[in-house]
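In numbering that gives the first Met the number 0, the protein residues as written are 0 to 140. Even for Gly, the Cβ is constructed at its ideal location relative to N, Cα and C.
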Amino acid sequence: MNLRPVKRESPELNLTPLIDVVFLLLIFFMVSTTFDRDARIKVELPQASTQDEKPREEKTLDITVDAKGRFYVNQREVVNTDTETLKRAILKAAAGRQDLPVIITADARTTHQSVIKVMDAASQLGFVNMTFSARQPVEKQ
Numbered sequence: 000m001n002l003r004p005v006k007r008e009s010p011e012l013n014l015t016p017l018i019d020v021v022f023l024l025l026i027f028f029m030v031s032t033t034f035d036r037d038a039r040i041k042v043e044l045p046q047a048s049t050q051d052e053k054p055r056e057e058k059t060l061d062i063t064v065d066a067k068g069r070f071y072v073n074q075r076e077v078v079n080t081d082t083e084t085l086k087r088a089i090l091k092a093a094a095g096r097q098d099l100p101v102i103i104t105a106d107a108r109t110t111h112q113s114v115i116k117v118m119d120a121a122s123q124l125g126f127v128n129m130t131f132s133a134r135q136p137v138e139k140q
C-alpha cells in the first residue's frame, strides 16, 4: 500500500490559441478600418512651450469669441451672431486668401455652439488650417 500523497502538477495555461485569436482580431480590425478619410476640417491643437517663439511673418486670421458669444474677426466686432454675417466678415478680413491659418480664440465661458459656428463658417469658406489658442495654466506653489 502506497500512502504517499500523489503530487499533482499545477495546471498550465496554453497561450498559443489565445495569441492566435488576438492576431486574427488584429488582422480583422486592420482590414475593416478605413485609413483614407477626407477630413474637411483639420484642427491643430496648440502646443505649449517654455521658450518664446518668434512672431510669424505670415498673415493669420484671428477669430475671437467672447463669453457672451460675440464674434471678433481680426479684433473687429461682427455686427451680429448670424453665420452669414460671420462669413462675410471672414471673407473681408481674408481678402480672398483661403490658405491663411485661422486662429480661434474662445473664452472659457463661451458656449460650445459659438465655437462650432465659427469652425463651420470657416470650413464652408474653404479654410482648413485651424488652430485653437490656449494659455498655460499657472503653476501653484
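If residue i and residue j are in contact, beta carbons under 8 Å, what's the gap, nearest whole angstrom?
{"i": "V64", "j": "S113", "result": "5 Å"}
{"i": "F70", "j": "Q97", "result": "Not really, about 19 Å apart at Cβ, beyond 8 Å."}
Looking at the secondary structure, which residues open and close the alpha helix (DSSP H) in which residue i lies?
{"i": "L25", "result": "T15 to S31"}
{"i": "V117", "result": "H111 to Q123"}
{"i": "T84", "result": "T82 to A93"}
Out of the options, which has the shortest C-alpha to C-alpha gap to residue i?
{"i": "D106", "options": "L99, V20, I62 and T15", "result": "I62"}
{"i": "D131", "options": "L12, V101, D119 and S31", "result": "A small fix is needed here, since residue 131 is Phe in this sequence, not Asp. When only C-alpha atoms are compared, the closest one is V101."}
{"i": "K58", "options": "K6, A93, S9 and I18", "result": "A93"}
{"i": "L85", "options": "A120, H111 and D98", "result": "A120"}
{"i": "L99", "options": "I115, L124, K116 and R87", "result": "L124"}
{"i": "Q74", "options": "N128, D19 and T104", "result": "T104"}
Cα separation between residue i and residue j?
{"i": "A133", "j": "L60", "result": "16 Å"}
{"i": "I89", "j": "T109", "result": "20 Å"}
{"i": "E11", "j": "T32", "result": "36 Å"}
{"i": "V21", "j": "M118", "result": "40 Å"}
For the beta strand (DSSP E) that residue i lies in, which residues bound it at each end?
{"i": "T63", "result": "L60 to V64"}
{"i": "T104", "result": "V101 to A105"}
{"i": "T130", "result": "N128 to F131"}
{"i": "V72", "result": "F70 to V72"}
Count the C-beta pairs between the region 17–34 and the region 78–89 that are closer than 8 Å, then say yes if the count reaches three, no if not.
Under the three-pair Cβ rule at 8 Å, the region 17–34 does not count as touching the region 78–89.
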